[in-house]
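To start, the structure itself, in structure tokens.
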Amino acid sequence: MNKRTALIFYILSVYVVVQFIWWGYHLIELTSEVSAQSTHVSKRVIMIMGEGAVFLLLLLVGIWQIRRSIRKELKLSERQNNFLLSVTHELKTPLAANKLYLQTITKRELSKEQSEDLLKKAIEENIRLERMIDNILNASRLENKVLKLEKESFSMTALIQQVATRFNTIMDKELVLVESSEDVEIVADKFMIETVLNNLVENALKYSGKESPVIIYIENDVSAITFGVKDNGPGIDKKFKDIIFKKFYRIGNEEVRTQKGSGLGLFIVAELVRKHNGTVVCLDNTPKGTNFQIRIVR
Ligand code: ADP
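Per the working numbering: the sequence shown = residues 2 to 299.
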């Protein structure tokens, strides 16, 4: 649905309502003119007015519902445009960067450290590209409902440690820390939980500028497992805390945004958690930053 179609709908709606009231008015006038002073007529006028009012009400409710779904569609299509804008850029940038790194390595006389540095950067770009493509594929699988849960029992603490180690190795910095008091076992789809953690840690690092520590934590009690990712970044304003989980949603304006992304990461997190009958919320971290918390009932 584009803006022009929406405008045509609004104009038609106003026309239909005005026309309906106009006809109703004329019908009442006509009935009174045909046989004035009869009590039968006044009953009929009341009937026309009553039925007209019910019909008008139904018409208005219908128009209001359609208007709501039009607005939803327009917002989604705006987010979709933003997505295309950022995704084409996102897919091209790592490829162009990798080409440059490899060209520099092959064409120039570089020291071992310099080549290693460039290769490391190329690997980082590759991983980012891989995650991006994974996210697009997962979003489309979720949309088409072809992603099935494959539950197994595994150590959540070990998985968290594995995810943290992988990020730290890639960055060559001990930025991702683990907070877990005991070994927690979970029955869930391991691949999905790993994707959830990857997306949350990636965001935490991205938005906090890879300068302050990011913590993956897990708490265990008899009825549920609670885990999440905390960062010390800029945090998220209260008014965006729900909408960020919507598909393609990114805070701010695409033309001036400096952070890379697709708006799919948190949508995938929310959907995968929902598949486990769990909940995900965005809380404030103290003193600042976000705390994305997931709770899965045992
Ligand atoms: P993106 O690809 O833009 O990161 P996401 O769906 O992962 O898409 O996140 C949606 C939006 O939520 C982001 O554009 C960003 O504005 C905000 N966001 C997500 N995680 C964080 C975080 N840890 N700190 C601050 N803002 C965040």
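Where a beta carbon is used, it is the ideal one built from N, C-alpha and C, also for glycine.
Contact between S156 and D184 holds: CB atoms are separated by about 6 Å, below the 8 Å threshold.
Secondary structure at Q294: strand, using DSSP grouped into helix, strand and coil. If you compare the alpha carbons of N233, K191, R5 and A271 with that of L143, the shortest gap goes to A271. H277 sits buried, since 16 or more C-beta atoms from the chains shown fall within 10 Å of its C-beta. Per the coordinates, the alpha-carbon of I187 lies some 10 Å from the alpha-carbon of N221.
In the structure shown, the three-state DSSP call for K289 is coil. At a Cβ-Cβ threshold of 9 Å, L120 and P95 do not count as neighbours. Spatial neighbours of G25 in its own chain (CB-CB distance under 6 Å, excluding positions within 5 residues in sequence) are listed in chain order as G53. Residue side-chain check: A205 places its Cβ nearer than 8 Å to a non-hydrogen atom of the ligand ADP. Going by DSSP, S116 is part of the alpha helix (DSSP H) stretching over K113 to E144. Proximity of the beta carbon of Y218 to the ligand ADP is not indicated: no heavy atom of the ligand is located closer than 8 Å.
Cβ contact annotation for V42 (same chain, cutoff 8 Å, sequence separation greater than five): T32, S33, V35 and S36, in chain order. Under DSSP, the beta-bridge partners assigned to V177 are V215.
The three-state reading of DSSP puts V62 in helix, counting H, G and I together.
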